[in-house]
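In my numbering, the protein residues as written are 14 to 98.
What follows is the structure, encoded as structure tokens:
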């Protein structure tokens, strides 16, 4: 493996780790906001809209986290069928 490829993989891994940490933090915040809304037990229009919005954002963040995790795993796995080093 050449040095530029090693550097690129290192940067990718750092970005994946940073993105994962950020998404985990956002997920925790959204989960806390949803818990607060549930505790308030309010069913007014504004609360229902906020609950839907936070739930949608939470789903999106979890999907992004799963994609990022899969991408990170594929970066670490050796390619199959390629020449051995």
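Glycine included, each C-beta is placed from N, C-alpha and C at the ideal position.
Less than 9 Å divides the Cβ of residue 43 from the Cβ of residue 71. The way I'd put it, the segment 68 to 82 does touch the segment 31 to 41; three or more beta-carbon pairs between them come closer than 8 Å. Within its own chain, the residues whose Cβ lies closer than 6 Å to the Cβ of residue 39, once the five positions on either side in sequence are excluded, are 74, listed in chain order.
Beyond the five residues adjoining it in sequence on each side, residue 47 comes within less than 8 Å, by CB distance, of 64, 67, 68 and 71 in the same chain, given in chain order. In the structure shown, residue 66 adopts helical secondary structure according to DSSP, grouped into three states.
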